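First comes the structure, then the notes that go with it.
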Amino acid sequence: MVMLDAGEILVQRGLLDADQLAQLRGQSQSAAELVSSAIDQGIMEEEPALKALGEALGMDFVDLRNADVDLEVVKEFPQKLIYRHSLFPLSRVNGSLTLATCDPLDVYALDEASSATGLTIVPVVAERAEIARLMKKHLGVGSETVEGLIAAREEEEDIELLEDIETDGSELSEMAQEASVVRLVNEILIEAIDSRASDVHIESQASGLVIRYRIDGILHLQPVPPEINRFQAAIISRLKIMAKLNIAEKRLPQDGRIKLKVHGREIDIRLSVIPMIHGEGLVMRILDKGSMKFDLQGLGMDPYTYSIYSQIIRLPHGIVLVTGPTGSGKTTTLYSSLLEIRSPENKIITTEDPVEYQLDGINQIQVHSKIGLTFAASLRSILRHDPDIVLVGEIRDRETAENAIQASLTGHMVFSTLHTNDAAGAFTRIVDMGVEPFLVSSTVEGIMAQRLVRRLCNECKEPYTPAKEDMPNDFPWELLDGRPLYRPGSCRTCRSVGYTGRMGIYELLVTNEEIKTLAHDRVSTWDIKQAALKSGMRTLRMDAWDKAFQGGTSVDEVLRVTKGDRVDT
C-alpha cells in the first residue's frame with residue numbers, strides 16, 4: 003500500500019484533514035513514517051489510527067492487555083524478527099500463526115515471518131507500547147541487547163551521563179565499556195525510571211542475576227533473559243564506573259553517585275554496593291528531580307491536620323519533628339514545609355545526609371562524617387550564620403539533640419526527623435538519648451508521624467461492599483455510613499498493578515500544657531498518646547481509614563502500613 007492510500011484512509015475516517023496530510027507527506031518517506039509522525043506530533047491517537055488502517059487491510063485490532071499469549075509459540079518464533087519489526091506471536095492453530103504488529107502497512111515483515119516459520123501468518127494490529135510491554139514481560143528487560151540485535155538500530159540514546167567517567171584500562175573495565183553492555187545498563191535504568199521506581203535492586207544469587215524494582219514502596223521482580231548472567235560482571239562494573247567507584251575492590255562496601263539526563267530530565271542515582279556470598283549486590287536509589295513536587299497541601303494531608311500543622315511551622319521558635327521509618331516521606335514533608343514558609347525575610351539553612359534535592363532560596367549543607375562534619379558540628383556552625391529556620395536531617399545522638407534544643411531556645415525554628423513508630427514515642431526517644439526531660443518538653447512544639455500508602459488507580463478501581471468477617475476488629479463501621487469501599491483493578495494506566503503513586507497518612511501531636519507536664523515527668527509513651535487523643539489527635543490508623551473511605555486507598559493498604567489502635571479501657 004502506498005502512502006497516498008494510507009493518508010486517504012485516515013482522511014476518510016476523519017483522523018486527518020487535507021492540510022495535515024500535506025504537511026505529513028512533506029516530512030515522511032513512507033506510509034509507516036506518515037502514520038508514526040502523525041501520532042508523535044499528537045495529530046491523532048494511535049489506537050483509532052491503527053483500527054482504521056487495520057479495517058482497510060482486513061486486520062483485527064487486538065488489545066494486548068487482555069490477550070492470551072502462548073509461551074511455547076514465543077519460544078519457537080525467531081527473536082530477531084520480534085525486535086527488528088516489532089512483531090509479537092500470540093498463538094498458533096494448526097498451520098496458522100497469529101502475529102501482532104504495530105505497522106499493518108509493513109507487508110515485507112509479515113512475508114519474512116511467514117518464510118522464517120513456514121506458517122500462514124494471520125496479522126492483527128496492536129499498539130506499539132503494548133507490544134514493547136509483552137517483549138519485556140516475556141523476554142525480559144535488556145533481552146534485545148543481550149541478543150546483540152539492538153546494534154542494528156541507529157537510534158539516538160535516551161540517556162546521557164552528566165559527568166565524565168574514568169576507566170583504569172583493565173580487561174574488566176574495557177568489557178564494561180562495550181556498546182552492548184552500555185546499552186543494556188541504560189535500558190535497565192530507563193525502564194526503572196519509566197516505571198516510576200524509587201529503587202533498583204540488582205542481586206547476585208546462586209541462580210544468577212536478579213533485578214527488582216521498588217515501585218510505590220513494593221518490590222516487583224523484573225523478568226530478565228537467562229543470557230544476562232553472562233554479563234553479570236560487566237553490568238556491575240559498568241555501574242561502578244558510572245558512579246566513579248573502584249571496580250577492582252570487591253571485598254568492601256562502596257557508595258557512589260551517578261548523575262544522568264533521561265528523556266530530558268535530570269536524574270540523580272545513589273549507588274550502594276555490598277559484597278554478598280554469590281557476588282556483589284547493588285541498590286540504586288533514583289532521585290527524579292523533574293518529577294518531584296514539594297507541595298504541602300498535595301501530599302494527602304486532610305484540611306484539619308494541614309491547618310494546625312501550617313500554624314505550627316510558622317511559630318517564631320521551637321522544634322518540629324517528623325517521625326517514621328526509612329522511606330515514609332519524612333524528607334518530602336520537611337522540604338514542602340520549608341518551601342511553604344520560605345520568603346526573602348527569613349534565612350533557612352539545612353544540614354542533610356545526603357542532600358537529596360536542591361531547593362532554591364534555601365542554603366543546604368552536605369554532612370561529611372569522615373572529616374568531622376557531623377549533624378552536631380554543622381549545627382554549631384550554622385548558628386553563627388544568623389539563620390531564622392534550621393533543618394537538621396536527623397537527630398541521631400545526644401549531641402545533635404542538645405544542639406537542636408539549644409538552637410530553639412535561642413530563638414530559632416528547628417525542623418528535624420526521628421525514627422519512632424508514632425508521634426508520642428518521640429519524647430521518650432529523645433529522653434533516652436540523655437537529654438533532660440524539661441528541655442524536651444519546653445522546646446518541642448509538634449510531632450508529625452507519617453507513613454505512605456499506595457493510591458488506588460482512578461481508571462480501574464472497583465467499588466465493593468465489605469463483609470464483616472473480612473474486616474479487622476477495629477474497623478470503624480459507624481464511619482462507613484453505607485458508602486462503598488474500593489479495591490484495585492487492572493488497566494494500562496497502572497500497568498495492571500491497581501495503584502498509581504502514593505500519598506501520606508498523618509498523625510499530628512500538638513504539645514499542649516498537659517503533654518508538656520507528662521513529658522517532663524517521664525511518663526510512658528502510652529500515657530502521652532492517650533492525652534493527645536483526648537486533645538483531638540487522630541492516629542495514623544484513623545487517617546488511613548479516612549483515605550480508604552474516600553476511595554483514595556484500599557483496606558489492604560491500611561492493614562499493610564498501619565497497626566490497629568489499642569482501646570484504652
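Position in the sequence shown (first residue = 1) + 2 = the working numbering.
Glycine included, C-beta positions come from ideal geometry on N, C-alpha and C.
No experiment lies behind these values; they were computed from the predicted model shown.
By DSSP, does Thr-338 sit in helix, in strand, or in coil?
The count along the sequence shown starts at 1 and reaches residue 338 at position 336. One point to set straight first is that residue 338 is Ser, not Thr, in the sequence displayed. Of the three classes helix, strand and coil, the one that applies to Ser-338 here is helix, per DSSP.
Would Gln-366 pass as a contact of Ile-351 if the rule is Cβ separation under 9 Å?
As a working mapping, residue 366 is identified with position 364 in the sequence shown. As a working mapping, residue 351 is identified with position 349 in the sequence shown. It is a contact, given that the beta carbons lie within the stated cut-off.
Measure from the alpha carbon of Ser-197 to the alpha carbon of each residue in Thr-402, Gly-484, Thr-495, Arg-94, then state which is nearest.
What you label residue 197 is simply residue 195 of the sequence shown in a count that begins at 1. Of Thr-402, Gly-484, Thr-495, Arg-94, the smallest CA-CA separation from Ser-197 is found for Thr-495.
Would a C-beta distance cut-off of 9 Å place Leu-542 and Ile-449 closer than the cut-off?
On the sequence shown, position 540 is the one that residue 542 refers to. On the sequence shown, position 447 is the one that residue 449 refers to. Contact: no.
Please list the terminal residues of the continuous beta strand (DSSP E) segment that includes Tyr-311.
Numbered from 1 along the sequence shown, position 309 holds the residue referred to as residue 311. Where Tyr-311 is concerned, there is no enclosing beta strand (DSSP E), although the alpha helix (DSSP H) it sits in stretches over 305-314.
Can Val-322 and Val-184 be called in contact, C-beta distance under 9 Å?
Here residue 322 corresponds to residue number 320 of the sequence shown, with the count starting at 1. Here residue 184 corresponds to residue number 182 of the sequence shown, with the count starting at 1. Against a cut-off of 9 Å, the Cβ pair of Val-184 and Val-322 comes out as no contact.
Can you tell me whether Ala-469 is buried or exposed? The criterion is at least 16 other CB atoms within 10 Å of its CB, across all chains shown.
Numbered from its first residue, the sequence shown carries residue 469 at position 467. Under this definition Ala-469 is an exposed residue.
Taking Arg-382 as the reference, give the member of Thr-402, Ser-371, Arg-398, Lys-372 with the closest Cα.
Here residue 382 refers to the residue found at position 380 when the sequence shown is read from its first residue. Considering only alpha carbons, the answer is Thr-402.
For the beta strand (DSSP E) that contains Asp-270, what are its first and last residues?
Mapped onto the sequence shown, residue 270 falls at position 268. Run containing Asp-270: 267-278, per the beta strand (DSSP E) assignment.
Enumerate in chain order the residues of its own chain whose CB-to-CB distance from Lys-242 is below 6 Å, with the five nearest sequence positions on each side excluded.
Against the sequence shown, residue 242 aligns to sequence position 240. These residues qualify, in order along the chain: Ile-249.
Going by DSSP in three states, Asp-201 sits in which element: helix, strand or coil?
Here residue 201 corresponds to residue number 199 of the sequence shown, with the count starting at 1. Asp-201 falls in the strand class under three-state DSSP.
How about Tyr-215 and Ala-236: are their beta carbons less than 9 Å apart?
On the sequence shown, position 213 is the one that residue 215 refers to. On the sequence shown, position 234 is the one that residue 236 refers to. No Cβ-Cβ contact shorter than 9 Å links Tyr-215 with Ala-236.
Which of helix, strand or coil does DSSP assign to Val-285?
Numbered from its first residue, the sequence shown carries residue 285 at position 283. Correct three-state label for Val-285: strand.
Would you mind working out which of Trp-528, Gly-538, Thr-467 sits nearest Ser-556, comparing C-alpha positions?
Walking along the sequence shown from the start, residue 556 turns up at place 554. Nearest Cα to Ser-556 within the set Trp-528, Gly-538, Thr-467: Thr-467.
Please classify Leu-83: is it buried, with 16 or more other beta-carbons within 10 angstroms of its beta-carbon, or exposed?
Mapped onto the sequence shown, residue 83 falls at position 81. Counting Cβ neighbours within 10 Å, Leu-83 comes out buried, since at least 16 surround it.
Once you ignore the five residues that flank Ala-58 on each side, which residues in its own chain have a CB closer than 7 Å to its CB?
As a working mapping, residue 58 is identified with position 56 in the sequence shown. Leaving aside the five residues that flank Ala-58 on each side, the residues in its chain whose CB is nearer than 7 Å to its CB run, in chain order, Ile-11.
For Ile-310, I'd like the list of residues in its chain whose CB is within less than 7 Å of its CB, leaving aside the five on either flank, ordered along the chain.
The sequence position of residue 310 within the sequence shown is 308, counting from 1. Around Ile-310: Leu-510, Val-512.
From what residue to what residue does the beta strand (DSSP E) around Phe-417 run?
On the sequence shown, position 415 is the one that residue 417 refers to. Here the beta strand (DSSP E) through Phe-417 covers 415-420.
For His-203, which of Ile-161, Leu-273, Asp-257 has the nearest alpha-carbon?
Numbered from 1 along the sequence shown, position 201 holds the residue referred to as residue 203. Minimum Cα distance to His-203 is reached at Leu-273.
Just tell me which of Glu-47, Lys-463, Cys-104, Lys-139 has its CA closest to the CA of Val-71.
The count along the sequence shown starts at 1 and reaches residue 71 at position 69. Minimum Cα distance to Val-71 is reached at Lys-139.
Which class does Asp-399 belong to by DSSP, given the choice of helix, strand or coil?
Sequence index remark: in the sequence shown, residue 399 carries index 397 (1-based). DSSP places Asp-399 in coil when its eight states are reduced to three.
Under the three-state reduction of DSSP, which class applies to His-87: helix, strand or coil?
As a working note, residue 87 is residue 85 in the sequence shown. Reduced to three states, the DSSP call for His-87 is helix.
At the level of alpha carbons, what is the spacing between Cys-651 and Met-286?
Outside the displayed span of the chain (3 to 571) sits residue 651, for which this structure offers no information.
Check Pro-468 in the structure and name its three-state DSSP category.
Within the sequence shown, the letter at position 466 stands for residue 468. It is coil, neither helix nor strand.
Are three or more beta carbon pairs between the segment 456-465 and the segment 353-366 nearer than 8 Å?
no
How many angstroms separate the CA atom of Trp-547 from the CA atom of His-222?
For the purposes of this step, residue 547 is taken as residue 545 along the sequence shown, with counting starting at 1. For the purposes of this step, residue 222 is taken as residue 220 along the sequence shown, with counting starting at 1. Straight across, the Cα-Cα distance linking Trp-547 with His-222 is about 26 Å.
Using DSSP's beta-bridge definition, name the partner residues of Tyr-215.
Residue numbering aside, residue 215 sits at position 213 when the sequence shown is read from its first letter. Partner(s): Val-202, His-222.
Given a cut-off of 9 Å on the beta-carbon distance, is the pair Ile-397 and Phe-429 in contact?
Sequence index remark: in the sequence shown, residue 397 carries index 395 (1-based). Sequence index remark: in the sequence shown, residue 429 carries index 427 (1-based). No.
Is the beta carbon of Gly-329 closer than 9 Å to that of Ala-418?
One-based indexing of the sequence shown puts residue 418 at position 416. One-based indexing of the sequence shown puts residue 329 at position 327. The question names Ala, but residue 418 in the sequence shown is Ser. Cβ atoms of Ser-418 and Gly-329: not closer than 9 Å.
With DSSP run on the structure shown, which of helix, strand or coil describes Pro-106?
Taking the sequence shown and counting its residues from 1, one reaches residue 106 at position 104. The answer is coil: DSSP assigns Pro-106 none of H, G, I, E or B.
In three-state terms, what does DSSP make of Leu-481?
Within the sequence shown, the letter at position 479 stands for residue 481. DSSP places Leu-481 in helix when its eight states are reduced to three.
How big is the Cα-Cα spacing for Cys-493 and Asp-434?
Translated into positions along the sequence shown, residue 493 becomes position 491. Translated into positions along the sequence shown, residue 434 becomes position 432. When only Cα atoms are considered, Cys-493 and Asp-434 end up about 49 Å apart.
Quick one, are the C-beta atoms of Ile-315 and Ile-343 less than 9 Å apart?
Within the sequence shown, the letter at position 313 stands for residue 315. Within the sequence shown, the letter at position 341 stands for residue 343. Contact flag set, yes.
What would DSSP say about Thr-412, mapped onto helix, strand or coil?
Numbered from its first residue, the sequence shown carries residue 412 at position 410. If DSSP states are grouped into helix, strand and coil, Thr-412 belongs with coil.
For the candidate residues Lys-246, Arg-457, Asp-483, whose alpha-carbon lies nearest to that of Met-505?
Within the sequence shown, residue 505 is the residue found at index 503, counting from 1. The candidate whose alpha carbon is nearest that of Met-505 is Arg-457.
With distance defined between alpha-carbon atoms, name the residue in Ser-339, Met-61, Thr-333, Ser-345 nearest to Glu-354.
Locating residue 354 in the sequence shown gives position 352, where the first residue counts as 1. Looking from the CA of Glu-354, the closest CA among Ser-339, Met-61, Thr-333, Ser-345 belongs to Thr-333.
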